[in-house]
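Everything on this sheet refers to the single structure shown next.
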């Protein structure tokens, strides 16, 4: 892992989450968004609405939490914020974060047991099923349900650039 000045190796680290709609939806539901909202894949970045910058910003100080930080940016701003369940862990976290500056806001995330618990739960849930207690996001089952399936599809359709993926948060289609 590359050393990052703002996130030293001595800081706590979360299990990296795969950036896919199922995992991200599971995480936001655990935190307090209703099941009527969920993440979906983005297939175009040509729409101007997709280029808006977030209003509430979170500095990342937890290693392997870049997906979580992106998710928080998505749910803390715009239309999704209006759908956060009142009194939920997410609602409490966002209300406490609002008046804080960047460093204090980062500390709030770092110390949040609710956020850590929801993230750990989402890290165990992949694809169509849940992982066993002795499996994690890098186990064979998790990789087959997630990353490998994605990579195989991309190779099959001839996509030469597999360095990123995009998801969006919006109405759930379940």
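In full-length UniProt numbering, the protein residues as written are 1 to 174. The beta-carbon is built from N, C-alpha and C at its ideal position, and this holds for glycine as well.
Relative to the C-alpha of residue i, which residue among the options is closest?
i: residue 55; options: 102, 149, 39, 84; result: 102
i: residue 171; options: 12, 11, 7, 25; result: 25
i: residue 107; options: 57, 67, 28, 156; result: 57
i: residue 121; options: 11, 9, 82, 22; result: 22
i: residue 38; options: 74, 7, 152, 132; result: 74
i: residue 109; options: 71, 81, 82; result: 71
i: residue 113; options: 89, 83, 79, 148; result: 89
i: residue 83; options: 36, 123, 134, 144; result: 36
i: residue 12; options: 156, 144, 111; result: 111
Buried or exposed: where does residue i fall if 16 or more other Cβ atoms within 10 Å of its Cβ makes it buried?
i: residue 175; result: Residue 175 falls outside the range modelled here, since the chain spans only 1 to 174, and no answer is possible.
i: residue 85; result: exposed
i: residue 51; result: Here the model assigns residue 51 a pLDDT of 48, short of 50, so the residue's position is not dependable and the matter cannot be decided.
i: residue 20; result: buried
i: residue 100; result: exposed
i: residue 30; result: buried
i: residue 97; result: buried
i: residue 7; result: buried
i: residue 76; result: buried
i: residue 142; result: buried
i: residue 132; result: exposed
i: residue 2; result: Per-residue confidence for residue 2 stands at a pLDDT of 49, beneath the threshold of 50, marking its modelled position as unreliable; the derived number appears in the next sentence. Burial call: exposed.
If I'm right that residue i touches residue j with Cβ under 8 Å, what's the distance once you round it to whole angstroms?
i: residue 27; j: residue 118; result: 6 Å
i: residue 93; j: residue 115; result: 6 Å
i: residue 95; j: residue 59; result: Going by Cβ atoms, the distance from residue 95 to residue 59 rounds to 18 Å, so no, they are not a contact pair.
| query | How about the segment 9-17 and the segment 59-73: do they share at least three Cβ pairs that are nearer than 8 Å? | reply | yes
| field | Segments assigned alpha helix (DSSP H), at least 4 residues, entirely inside the segment 25-107 | value | 66-76, 89-97
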